[in-house]
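Participant: So the sequence lines, in the order shown, correspond to chains A and B. All residue numbers for the first sequence refer to this note's numbering, where the first residue is 1 and numbers rise by one. All residue numbers for the second sequence refer to this note's numbering, where the first residue is 1 and numbers rise by one. Glycine residues also receive a C-beta, built at the ideal position from the N, C-alpha and C atoms.
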Amino acid sequence: MGNYQYDIIVVGAGCAGPAAAKKAAELGLKVLLLEKSQKPGEKNVSGTCLNMAALVDPDLQYLMKGPIEREITEMHSFMISPERTTMFREIPGEGLILLSVRRDEFDAWHTEQAKKAGAEVKLSTTIVDIIEEDGTVKGVITDSGDKYFGKVIIDAAGVNSIVGRKAGLIPKRKGTNMILYTILNVWLGEEKVTERFGNSIYYFLAPNCQYKTWPWIFPKKEVVTIGTGGYMDENLFNGDIKSVNDYMQNLIDLPIIKEKLEGGRVEAWGLHLEFDQSIEKRTKAGLILTGEAGGFVIPFLGEGMPEAFFTGIYAAEAAAKAIEANDFSEEFLEEHFMGRYNENVFLQSFRYVADMNKQSILSMPDEEIIAMMQNICIGGGFISSAIHRNWMKGADEDDMSLVQDAKDFYEFIQPYRQVGSESLEIYKKMRAEK
Amino acid sequence: MKVEMKVDYYPGETGEFIKVDEEKCTGCGDCAKFCTRNVWVKDGEIYRPKNLKECAECGACWNICEFDAVIFGEPKGGTGIRFEYG
């Protein structure tokens, strides 16, 4: 049992943690990254597709040098009912849409980048408590009793983070705003994945295959990752559906999926939980919550990794400023951390859409949700659909402020919308530098 | 193809990282209902995480429990579930 002193302690080597540790080290700080698993990424379950609209941000471009499984250029959506199957195929622009990755490879690579930048990394280390003095978070205590002190603690330990809970920032949840996903990885071999799935991602809506969310299939190099689940309210499990595995079984039994998985074998299975509500306060004196620990995730849209990368970096920058100013107060950290967050076009676009959808999804009956999802597919995506709905609502209710909001937001996101062919150029450049 | 819960575990003792608060548990069974891995088992009037070695560490039980009766920590460093592919 020892006491150790650092400038910054980062807890968790998922998406946010290595990003924070790398940035902090680059800013010349003495930083320690702590991770509970033996290899970063081996306790993570996610959609594993990185959104290129976020990765073209200069802060995130280095991530394109990581271990990429497949370059995604297309999207297919299937609406399946007992009577008919409708398919939408979308090829948005010339650029890449997503990069699919394996988290057990990608997070380990990302942690290596943090190490190369000068961060110290300690694996197989679970945090059991925080050290607090006069309302300021000063450090963390590990399961072996070691105490690590930092001027700023960055919590990047995910949805159930002990740090955020002990500090009183992560609230006690209720099931209705949590999504429980199960994820199945099916091995087919590279040739069959390419032949049957190509470089496309797939979304589905079919009876008894999901609850208030979308099932999806994302191809990797040799496997495809399939995900489904739903909001944890009293109707998640009903009738024949006793667990999320039953939704998954119904999904992979759909003829259109079954034939694509023919000859494959289940390689890995996982469970993942997401909290679909923003956390009221992401900072406390000496502490910043990032990624899922800070509620920076939008389960319904399947976005969480870019939020984690960005907030990890912003937390490190805010921490560096706090050290320079010798001010570790909640107000100082909040201003510098959330200031960057609020300026980020990508994050604000997703937040706008999520805010629009949240209330409606939680209160809508299933048929209305499906109708809304269909409209989103037909109507050119989530963002256009949210702007359109806000605009129409304003027009219907004769509320010009809603129309103005929609108009302002449309202007605000223009940089995001213009990401097209240049994303491919940036990607090629990064891969060449790798 | 049948859904198969294929997971790995690191070797080593995890410790009792999930416990029931016997005073708070009402025996409603939500923990068992929302647990995909059948960790929670009825024992008299309350539920206990008897199959903790099957746990996937998702936290559904802790998050769903209305009565704050689930004490949810984490396995000892370097132990517990290990996912491939993420």
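1. Whose C-beta lies closer than 6 angstroms to the C-beta of tryptophan 109 of chain A among residues of the same chain, with five residues either side of it excluded?
2. Compare the C-beta of valine 41 of chain B with all C-beta atoms of chain A and state if any pair is closer than 8 angstroms.
3. Check the Cβ-Cβ distances between alanine 137 of chain B and every residue of chain A, and say whether any is below 8 angstroms.
4. How about glutamate 81 of chain B: is its C-beta nearer than 8 angstroms to some C-beta of chain A?
5. Would you say glutamine 38 of chain A faces chain B, with C-beta separation under 8 angstroms as the test?
6. Along the chain, where does the alpha helix (DSSP H) that runs through isoleucine 256 of chain A open and close?
7. Got a sec: which bits of the region 58-76 of chain B sit with their beta carbon under 8 angstroms from any beta carbon on chain A, in order along the chain?
8. Could you check whether isoleucine 72 of chain A and phenylalanine 55 of chain A sit closer than 8 angstroms to each other, using their CB atoms as the reference points?
9. Please compile the residues from chain A whose C-beta is within a distance smaller than 8 angstroms of the C-beta of lysine 6 of chain B.
10. How about histidine 272 of chain A: is its C-beta nearer than 8 angstroms to some C-beta of chain B?
11. On the DSSP bridge list, what partners appear for arginine 89 of chain A?
12. Taking 8 angstroms as the threshold (C-beta atoms), are lysine 220 of chain A and tyrosine 85 of chain B in contact?
13. Which partner residues of cysteine 209 of chain A appear in the DSSP bridge assignment?
14. Threshold first: 4 residues or longer. Then list the alpha helix (DSSP H) segments lying entirely within the region 12-79 of chain A, N to C.
15. When you compare the region 182-202 of chain A with the region 127-142 of chain A, are there three or more beta-carbon pairs, one atom per stretch, that lie closer than 8 angstroms?
16. Write down the C-beta distance between isoleucine 313 of chain A and alanine 19 of chain A rounded to the nearest angstrom, noting that I regard them as a contact closer than 8 angstroms.
17. Given 8 angstroms as the limit, is there contact between the region 284-293 of chain A and the region 142-161 of chain A, that is, 3 or more CB pairs closer than that?
18. Taking the beta strand (DSSP E) that arginine 45 of chain B belongs to, which residues open and close that run?
19. Rounded to whole angstroms, what's the CA-CA distance from cysteine 28 of chain B to valine 7 of chain B? Just pull it up for me.
20. Could you pull out every unbroken beta strand (DSSP E) segment of at least 3 residues lying fully inside the region 128-197 of chain A, listed in chain order?
21. Note down the Cα distance separating threonine 48 of chain A from glycine 227 of chain A, rounded to an integer number of angstroms.
22. Determine which residues of the region 241-257 of chain A have a Cβ less than 7 angstroms from any Cβ of chain B, and write them out in chain order.
23. Using a Cβ cut-off of 7 angstroms, pull out every chain B residue sitting near methionine 178 of chain A, in sequence order please.
24. So, are the CB atoms of methionine 178 of chain A and aspartate 276 of chain A less than 8 angstroms apart?
25. Straight-line CA distance for glycine 12 of chain A to glutamate 66 of chain B?
26. Are there 16 or more other CB atoms within 10 angstroms of the CB of glutamine 210 of chain A, so buried, or fewer, so exposed?
27. Going by DSSP, what residue range makes up the alpha helix (DSSP H) through tryptophan 109 of chain A?
28. In chain B, which residues lie with their C-beta within 9 angstroms of the C-beta of serine 278 of chain A?
29. Would you report the Cα separation of alanine 16 of chain A and arginine 102 of chain A, rounded to the nearest angstrom?
30. Just to confirm the assignment, what range does the alpha helix (DSSP H) spanning isoleucine 313 of chain A have?
31. Distance cutoff 8 angstroms, beta carbons only. Does glutamate 84 of chain B sit that close to anything in chain A?
32. To which residues of the same chain is aspartate 233 of chain A closer than 7 angstroms at the C-beta, ignoring the five residues directly before and after it?
33. For tyrosine 85 of chain B, which of helix, strand or coil comes out of DSSP?
34. Report the partner residues of histidine 272 of chain A according to the DSSP bridge assignment.
35. Glutamate 494 of chain A: which of A/Thr225, A/Lys212 and A/Phe337 sits nearest, CA to CA?
36. Counting only C-beta atoms, is threonine 26 of chain B closer than 8 angstroms to chain A at any point?
Facilitator: Straight from the coordinates:
1. Walking along the first sequence from the start, residue 109 of chain A turns up at place 109. Here the set comprises Gly66 and Pro67.
2. The residue given as residue 41 of chain B occupies position 41 in the second sequence. Answer no: the Cβ-Cβ gap between valine 41 of chain B and chain A never drops below 8 angstroms.
3. Residue 137 of chain B lies beyond the stretch modelled for chain B, which goes from 1 to 86, so this question has no answer here.
4. Residue mapping note: residue 81 of chain B aligns to position 81 of the second sequence, counting from 1. It should be pointed out that residue 81 of chain B corresponds to isoleucine in this sequence rather than to glutamate. Yes, contact with chain A.
5. Here residue 38 of chain A corresponds to residue number 38 of the first sequence, with the count starting at 1. Judged by the 8 angstroms Cβ criterion, glutamine 38 of chain A is in contact with chain B.
6. Here residue 256 of chain A corresponds to residue number 256 of the first sequence, with the count starting at 1. Where isoleucine 256 of chain A is concerned, the enclosing alpha helix (DSSP H) stretches over 255-261.
7. Cys58, Gly59, Ala60, Trp62, Asn63, Ile64, Glu66, Asp68, Phe72, Gly73, Glu74, Pro75 and Lys76
8. On the first sequence, position 55 is the one that residue 55 of chain A refers to. On the first sequence, position 72 is the one that residue 72 of chain A refers to. Residue identity differs from the one stated: residue 55 of chain A is leucine in this sequence, not phenylalanine. Contact: no.
9. As a first step, residue 6 of chain B is located in the second sequence; it is residue number 6 there, counting from the start. Correct list: Val266, Glu267, Ala268 and Trp269.
10. Residue mapping note: residue 272 of chain A aligns to position 272 of the first sequence, counting from 1. For histidine 272 of chain A, the answer is yes, since a Cβ of chain B falls inside 8 angstroms of its Cβ.
11. Locating residue 89 of chain A in the first sequence gives position 89, counting from the first residue. A/His76.
12. Position 85 of the second sequence holds residue 85 of chain B. Position 220 of the first sequence holds residue 220 of chain A. Yes, Cβ-Cβ distance for tyrosine 85 of chain B and lysine 220 of chain A is below 8 angstroms.
13. Counting from 1 along the first sequence, the entry for residue 209 of chain A is found at position 209. Cysteine 209 of chain A pairs with nothing; no bridge assigned.
14. 16-26 and 52-55
15. no
16. What you label residue 313 of chain A is simply residue 313 of the first sequence in a count that begins at 1. What you label residue 19 of chain A is simply residue 19 of the first sequence in a count that begins at 1. Sure, about 5 angstroms apart at Cβ, within 8 angstroms.
17. yes
18. Here residue 45 of chain B refers to the residue found at position 45 of the second sequence. Sequence inspection shows glutamate at residue 45 of chain B; the arginine mentioned does not correspond to that position. Where glutamate 45 of chain B is concerned, there is no enclosing beta strand (DSSP E), given that its DSSP letter is neither H nor E.
19. In the second sequence, counting from the first residue as 1, residue 28 of chain B sits at position 28. In the second sequence, counting from the first residue as 1, residue 7 of chain B sits at position 7. Looking at the two C-alpha atoms, the distance is approximately 29 angstroms.
20. 136-142, 147-155 and 178-187
21. Locating residue 48 of chain A in the first sequence gives position 48, where the first residue counts as 1. Locating residue 227 of chain A in the first sequence gives position 227, where the first residue counts as 1. Whole-angstrom Cα-Cα distance: 11 angstroms.
22. Ser243, Val244, Asn245, Met248, Gln249 and Ile252
23. Here residue 178 of chain A refers to the residue found at position 178 of the first sequence. Ordered by position in chain B, the residues that pass the 7 angstroms Cβ test against methionine 178 of chain A are Asn63.
24. Start at 1 with the first residue of the first sequence, and residue 178 of chain A comes out as number 178. Start at 1 with the first residue of the first sequence, and residue 276 of chain A comes out as number 276. For methionine 178 of chain A and aspartate 276 of chain A, yes; Cβs fall inside 8 angstroms.
25. In the first sequence, counting from the first residue as 1, residue 12 of chain A sits at position 12. In the second sequence, counting from the first residue as 1, residue 66 of chain B sits at position 66. Their backbone Cα atoms lie some 28 angstroms apart in a straight line.
26. As a working note, residue 210 of chain A is residue 210 in the first sequence. Under this definition glutamine 210 of chain A is a buried residue.
27. Here residue 109 of chain A refers to the residue found at position 109 of the first sequence. Counting along the chain, the alpha helix (DSSP H) containing tryptophan 109 of chain A begins and ends at 103-116.
28. For the purposes of this step, residue 278 of chain A is taken as residue 278 along the first sequence, with counting starting at 1. Within chain B, no residue comes near serine 278 of chain A; the closest Cβ sits about 16 angstroms away, beyond 9 angstroms.
29. Counting from 1 along the first sequence, the entry for residue 16 of chain A is found at position 16. Counting from 1 along the first sequence, the entry for residue 102 of chain A is found at position 102. Straight-line Cα distance between these residues: approximately 16 angstroms.
30. Your numbering for residue 313 of chain A matches position 313 in the first sequence. Taken as a continuous stretch (DSSP letters only), the alpha helix (DSSP H) holding isoleucine 313 of chain A covers 305-325.
31. Position 84 of the second sequence, counting from 1, holds the residue named residue 84 of chain B. Judged by the 8 angstroms Cβ criterion, glutamate 84 of chain B is in contact with chain A.
32. Numbered from its first residue, the first sequence carries residue 233 of chain A at position 233. Counting only Cβ-Cβ distances below 7 angstroms, and skipping sequence neighbours, we find Gly175 and Thr176.
33. Taking the first residue of the second sequence as position 1, residue 85 of chain B is located at position 85. Correct three-state label for tyrosine 85 of chain B: coil.
34. To locate residue 272 of chain A, count along the first sequence from 1; it is residue 272. Beta-bridge pairing links histidine 272 of chain A to A/Tyr181.
35. Residue 494 of chain A cannot be examined here, being either before or after the span of chain A that is shown, 1 to 434.
36. Start at 1 with the first residue of the second sequence, and residue 26 of chain B comes out as number 26. Cβ-Cβ to chain A under 8 angstroms: no for threonine 26 of chain B.
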